[in-house]
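One structure below.
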Amino acid sequence: QIDDLEAFLAMPRPEGAHVRWLNVEGLNPQTVDRLRKHYNFHTLAAEDVIQPLQRPKCEAYEGYLFMVIRMIQISGGHMRNEQVSIFCFGDTLLTIQEMPGDVFDPVRKRIEIKGARFFQNKADYLLYALMDSVVDHLFPLLEGYGSVLEDMEEEIASNPKPAAQRRLFAIKRDLSQLRRTLWPIREVVDSIYRDESGCMTDPVKTFIRDVYDHTMQVIDIVETYRETASSLNDLYQSAVGNKMNEIMKVLTIMASFFIPITFVAGVYGMNFEHIPELNWQYSYYVFWGVCLSATTCLAIFFWRKGWIGGND
Amino acid sequence: QIDDLEAFLAMPRPEGAHVRWLNVEGLNPQTVDRLRKHYNFHTLAAEDVIQPLQRPKCEAYEGYLFMVIRMIQISGGHMRNEQVSIFCFGDTLLTIQEMPGDVFDPVRKRIEIKGARFFQNKADYLLYALMDSVVDHLFPLLEGYGSVLEDMEEEIASNPKPAAQRRLFAIKRDLSQLRRTLWPIREVVDSIYRDESGCMTDPVKTFIRDVYDHTMQVIDIVETYRETASSLNDLYQSAVGNKMNEIMKVLTIMASFFIPITFVAGVYGMNFEHIPELNWQYSYYVFWGVCLSATTCLAIFFWRKGWIGGND
Amino acid sequence: QIDDLEAFLAMPRPEGAHVRWLNVEGLNPQTVDRLRKHYNFHTLAAEDVIQPLQRPKCEAYEGYLFMVIRMIQISGGHMRNEQVSIFCFGDTLLTIQEMPGDVFDPVRKRIEIKGARFFQNKADYLLYALMDSVVDHLFPLLEGYGSVLEDMEEEIASNPKPAAQRRLFAIKRDLSQLRRTLWPIREVVDSIYRDESGCMTDPVKTFIRDVYDHTMQVIDIVETYRETASSLNDLYQSAVGNKMNEIMKVLTIMASFFIPITFVAGVYGMNFEHIPELNWQYSYYVFWGVCLSATTCLAIFFWRKGWIGGND
Amino acid sequence: QIDDLEAFLAMPRPEGAHVRWLNVEGLNPQTVDRLRKHYNFHTLAAEDVIQPLQRPKCEAYEGYLFMVIRMIQISGGHMRNEQVSIFCFGDTLLTIQEMPGDVFDPVRKRIEIKGARFFQNKADYLLYALMDSVVDHLFPLLEGYGSVLEDMEEEIASNPKPAAQRRLFAIKRDLSQLRRTLWPIREVVDSIYRDESGCMTDPVKTFIRDVYDHTMQVIDIVETYRETASSLNDLYQSAVGNKMNEIMKVLTIMASFFIPITFVAGVYGMNFEHIPELNWQYSYYVFWGVCLSATTCLAIFFWRKGWIGGND
Amino acid sequence: QIDDLEAFLAMPRPEGAHVRWLNVEGLNPQTVDRLRKHYNFHTLAAEDVIQPLQRPKCEAYEGYLFMVIRMIQISGGHMRNEQVSIFCFGDTLLTIQEMPGDVFDPVRKRIEIKGARFFQNKADYLLYALMDSVVDHLFPLLEGYGSVLEDMEEEIASNPKPAAQRRLFAIKRDLSQLRRTLWPIREVVDSIYRDESGCMTDPVKTFIRDVYDHTMQVIDIVETYRETASSLNDLYQSAVGNKMNEIMKVLTIMASFFIPITFVAGVYGMNFEHIPELNWQYSYYVFWGVCLSATTCLAIFFWRKGWIGGND
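Residue numbers (our numbering), protein chains in the order written: chain C, 1127 to 1438; chain U, 1127 to 1438; chain H, 1127 to 1438; chain D, 1127 to 1438; chain A, 1127 to 1438.
Okay, structure coming up:
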């Protein structure tokens, strides 16, 4: 926590340090304005920093690169899609996050442990490290979605509940959002790679190409999961249809078994004076025989159609 | 309200004013013709101004830029998609709207308050300010659609009424229209940015790039909402299917419970002379016992299938 | 009606006339061949003229442009998609239609009234006028489709009949055909605009750009209507599903009300000797009480589920 | 039928003949190898000739063009998709078909009748003629599909049988295959048109452009039919749904008419000692009156809903 | 199996051998690191080798090409998608597989038998041979999917079980994965073909073009099968719907036949004192006559609707 921003900014950097990384958490317009005055960046960039709904983009201004990327984290079971603004001034990297909590811990650890590499390079290597941690953080996150989708297949096929479908929609929405975030990030990485402002050195560009490959991998995974989610939706629809079929089958079988014999019973409940069968001694037993044989015929009919005893 | 158009146009502009902004409301062919004669713009441009069904476009004529954009407002619960024609002659900006009521009030306020910036620049900064207010006006408008869609999800999942689906279709239609309006606007902004006619100065181009970014953001939001609307439609279909399943389940359960025991009751209502059970003293109680156990068996069967007592 | 084609073609054109427009109706191979000999155009072009299934296209031959466009008219409630072949030889325009009846009347009128403009320009302005009338003719035609679609929404939502769906398919087919015709027309207009054969003068190119804009507008409208038609199809499916739900609800309610009490009636229709209730004086009234309360319970159950008294 | 291939190939060509066309039917690896040795073409080309699953393609080797196209014929009610390999060596054209039977008869007739044109040109005109006959052969073939689809619409709307749907799928599969064959053929024709190997002369290129146009026409027709087939599938689904609705309506109407009055009949079949109505003289007639009025009420209810007497 | 890697790598290659192929099975980070030190390739390439989730890609580093491709095999009824990393250093080819078992046996055989060709060329021909075997291995694999899909059509049309649909989804998922693997492989092959690093010689490029063609063929087949799988899913849905229709038809027919006559039987089971028909001598026979004629009427009605006796 730094109280006097201007004093801090004016401090000379320690001996041997080539790069300064300034990470600001929280979007305080006044802080951004003071940074703007110190580093002299464009008003529009400052505005973009403060409005946290930007698409990822990379803009070259004179003397510095301005990037907006989005950092995706799972927090409390929900996807959090946070904006990170990055200014790259040759030897200083300024990152501004919406709120505390980020995915940069691996970078911080690497700085502490094997800081050498970071100090030998200019800000471009640090920029690479940050981009890399943003993208690589998505792999475990997506693995989570993958295993949820796998579990859902079993659940949906056996017992299709509306709640499952809504969960599926929530996942599809998250994946959609990821896709919408990742495509422009891909473009950002690409334009960093093609950078003509001179901020990026050639050896670091090889590393950026690696980030690009990882981004493409992540996009591939997202697309695969989106397809899987669509298939699961189809599966859900079919499972609902099958359940309906089963319900109707039970109804049809029950009704078909009893409707005809109920009619027969009704016939001999009539009070006509002249019904010859009423007086015959074995009528009652013949009646049961007729009921049983009718039911058996129907059972055979249904069994042939595969409605009884089948295992579908 | 100006009565004598020609006299007004001939008036010298006040000292120190670099830019003149002329805003015409209503498409009066005669007014347009008088403007055409004064500013000497092309007949086809004049025709485009009068026919209010143009796609947004930007055309470079000799000495001036002619743009058609579309301004989207909500009025009376309906989306109003109004055409605005803009002529940019170096130091004069001529805008012609279909009818009174626009989204330019923020610009008017900024002119009054900190007019300096507007007066120092040529018409290009004013053009930027107008484009910006057209695009930025869409953010709150879209937020409205977003919250309606969110509310609908709950409603559709719990009680899928046809009215909800038709409302969903109306929203999809609005979003489609927005998309069809926004893509060409994006092109217009892009061609203003790439302008080679010399109307736009470099510092203003940076601002135009910002409008471009905002346009892309709006398009992104529209696409997200379109996807959400499609998902809601799927959800609606599923909800209707589920409701059907529920109806059929009730019917099947009711019928299955009573059809067999009604048959049994029918049997002992028969008037055969020889039905041994009729004379047995406990027959009636055995009858009820049979009914209860049959019903219990069926209840267990249905409960196992998850049709009774389940909470789906 | 001209009898002697060669004589006519050989006639010198009247003083002051810069352009000759020759319009042939009907695809007579012999006539086409005689024209081919006179104007010396390519055999393949002549073949294209005679086979009326061409896609719109624009081909530059040495010294002339050859275009095939398609003219869409409504005749007898059906869309008529007629081929028009156009040859543009500097100062002569040759148009060959499949059959009498076209959309060029506005052009003919304009030639008669303010012919000046047509006579001052070369054939290129006339070509523009023809293209313009082909494209502009589509606006009222599409408006017709638009109002039919609007009417159908109401009809489908309230009473989804199969006939409506088939009418919807017919409309979709027409719109598909329109789209397939318009995209290549767009290319034709674009290649006329980019024309490098020198047939088109610069001032006329500005007009051609206008035709291009109109073509894009028409395509936009067609796409919008196609989307609407798809939505209406979805709506139809939902309406059919809702109707089914309603039918099933009626069945379920009727069956659920009467099945249990019919069983009770059956019970007391049994002929067992020992049924205590039979002799009790108030049994009959209790029976009706049970029936009423069972029915009331079910009515409350259905009302809670929204199946009775709801207004969906 | 030629026995001694080498001797035949070594034969000098007759006086005045500019072009030699060698057509081989059947994929005999040895024959292909002997041809390869004589004409000295690449091993990979020879391999492509023998494996009859190639996509249409056009490859320029030094001194010759190698093309694979696919010839589509209907034989025995099924689509036959046969590979034809074409080598174009300046003045010799070598075509190798999978099996006897092709679409080149019109070319053979034209060679016999007005051979002049073929002999005056190099192999390029012959190549054009072959490509042309491959593409033009598709028009009547597609017309067949068109008329089948038209017939099916009527059939599906009136009586949707599963067999019709499977026939529809077979047609869709054929059209898909056609599309997959045609797009690369389009590319082949395009690369022949753009040929830079010098095999194609300029006048013939004009003809090739014509083949290109025809290919686009065929693709357009295929796309139209694919859309129609999709619509017919939708129509089938709707027709099945409508049939279901009709079945359910019959059930519901039957059940609703008889369930209530059956209950009433059951009530007066009860054996309670005290049922006042039993002794009343007109009870039986009142019973019928109640039955009739209940049924009439329901009939009115159903008629209002459009379930009875409507003509949908 | 080689124990001392460094010693092996340091061995001079045998006389007359132009190329060395080193194939490593299993992703041992230490082995990869020792190879990296010997061959001096980039750390990022080494990382890609170890992480087996790469997309196929081709990267040019100074002095060598690095490729990642994916080898698809069927093992134990499941598709195995294994990563193969390839380094091509002029005269040495280093391939690193995830695990033992590959598709390179045909190459190994060809090396043993007609090794000449491999030894005369540099590593590029060997690279071609490996790529070729990876792609060609897919043809028989896809044929397997093709025949499964063909069998499923029959099964689904006659008896649509949920298990079939899930098998269909599994196939769709495999095909999707294949597609996602093949498109970047296509790009890899294309960038090998366009290689500007000088690793590839012109004659070998002709062979690479052949691999490219095969890749396109495989992609075509995959797309065809994906379409077929979609159609089968549609077919499944329809078959489920048809089954439902059949069930409902049986129910409706059973219910419609017996409900009316059960009512009639109920009427004459009433205990009213005054029912004239009860005492009439022929009532019972008339009753059966009425039942039969009612049933016959309904049977005719259903037969007309095509619900009985039809063969759909």
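Ideal Cβ positions, reconstructed from N, Cα and C, are used throughout, including at glycine.
{"Item": "Counterpart residues of C/Y1190 in DSSP-defined beta bridges", "Value": "C/Y1187"}
{"Item": "Chain U within 7 angstroms of C/N1405, Cβ atoms only", "Value": "yes"}
{"Item": "Chain H contact residues for U/Y1394, given Cβ-Cβ distances below 8 angstroms", "Value": "M1396, N1397, F1398"}
{"Item": "7 angstroms Cβ cut-off: residues of chain U touching H/P1386", "Value": "F1384"}
{"Item": "Three-way DSSP call (helix, strand, coil) for A/N1368 in this model", "Value": "helix"}
{"Item": "Top-ranked residue by Cα proximity to D/L1219, from D/D1336, D/T1341, D/F1192", "Value": "D/F1192"}
{"Item": "3-residue-minimum beta strand (DSSP E) runs that sit fully inside the segment 1247-1317 of chain U, ordered along the chain", "Value": "none"}
{"Item": "Simplified DSSP assignment, three categories, for A/T1422", "Value": "helix"}
{"Item": "Residues within the segment 1370-1383 of chain D neighbouring chain H, beta-carbon criterion of under 8 angstroms", "Value": "M1370, N1371, M1374, K1375, L1377, T1378, A1381, S1382"}
{"Item": "Residue burial classification, A/H1204 (beta-carbon count within 10 angstroms, cutoff 16)", "Value": "exposed"}
{"Item": "CB contact below 7 angstroms: H/V1145 versus chain U", "Value": "no"}
{"Item": "Chain-ordered neighbours of D/A1391 on chain A, where CB pairs are closer than 8 angstroms", "Value": "F1389, G1392, V1393, G1395, M1396"}
{"Item": "DSSP bridge partner residues for C/V1343 (one or two, in chain order)", "Value": "Before going on, a small fix: residue 1343 of chain C reads as Gln here, not Val. BP columns for C/Q1343 are empty, so no partner."}
{"Item": "Chain U contact for H/D1438 (CB, 7 angstroms cutoff)", "Value": "Low per-residue confidence applies at H/D1438: pLDDT is 46, beneath 50, and the placement is therefore not dependable, though the value from the model is reported in the following sentence. Chain U contact via Cβ: present."}
{"Item": "Member of H/T1157, H/F1265, H/A1290 whose CA lies at the smallest distance from the CA of H/D1277", "Value": "H/A1290"}
{"Item": "Straight-line Cα distance separating H/A1255 from H/R1151", "Value": "Reading the sequence as shown, one finds Glu at residue 1151 of chain H and not Arg. The alpha-carbon atoms of H/E1151 and H/A1255 are separated by roughly 19 angstroms."}
{"Item": "Cutoff 8 angstroms; reference H/I1176; Cβ partners in own chain excluding five residues on either side", "Value": "L1153, P1155, V1158"}
{"Item": "Neighbouring residues, chain A, relative to D/S1302 (Cβ below 8 angstroms)", "Value": "T1350, E1353"}
{"Item": "Cβ shell of U/H1340 (< 6 angstroms), same chain only, five flanking positions each side left out", "Value": "V1261"}
{"Item": "Identity of the residue in C/V1229, C/Y1338, C/I1387, C/M1370 nearest C/Q1199 by Cα", "Value": "C/V1229"}
{"Item": "Delimiting residues of the alpha helix (DSSP H) encompassing C/L1179", "Value": "That residue, C/L1179, is in no alpha helix (DSSP H); it is neither H nor E in DSSP."}
{"Item": "Short CB-CB distance (under 7 angstroms) between H/D1258 and chain U", "Value": "no"}
{"Item": "7 angstroms CB neighbourhood of D/S1382 in its chain, flanking five on each side removed", "Value": "L1424"}
{"Item": "Simplified DSSP assignment, three categories, for D/S1357", "Value": "helix"}
{"Item": "Delimiting residues of the alpha helix (DSSP H) encompassing C/F1134", "Value": "1131-1136"}
{"Item": "CB contact below 7 angstroms: A/Q1117 versus chain D", "Value": "Not covered by the structure: residue 1117 of chain A. The range shown for chain A is 1127 to 1438."}
{"Item": "Interface residues of chain C facing A/R1306 [CB-CB closer than 9 angstroms]", "Value": "D1346, E1349, T1350"}
{"Item": "Backbone secondary structure at H/V1150 - three-state DSSP", "Value": "strand"}
{"Item": "Contact set between the segment 1310-1344 of chain C and chain A, restricted to residues whose Cβ is under 8 angstroms from the partner", "Value": "T1332, F1333, R1335, D1336, D1339, M1342, Q1343"}
{"Item": "7 angstroms CB neighbourhood of H/D1316 in its chain, flanking five on each side removed", "Value": "Y1338"}
{"Item": "Amino acids of chain H, ordered along the chain, whose beta-carbon sits closer than 7 angstroms to that of U/F1295", "Value": "S1357, L1361"}
{"Item": "Beta-carbon proximity of A/D1217 to A/H1144, cut-off 7 angstroms", "Value": "yes"}
{"Item": "Identity of the residues DSSP links to D/H1144 by a beta bridge", "Value": "Looking at the DSSP assignment, D/H1144 forms no beta bridge with any residue, so it has no partner."}
{"Item": "U/E1208 vs U/E1185 beta-carbon contact at 7 angstroms", "Value": "no"}
{"Item": "Closer than 8 angstroms at the beta carbon, the chain D residues around H/Q1291", "Value": "L1361, S1364"}
{"Item": "Where U/G1202 falls, given that 16 or more other Cβ within 10 Å makes a residue buried", "Value": "exposed"}
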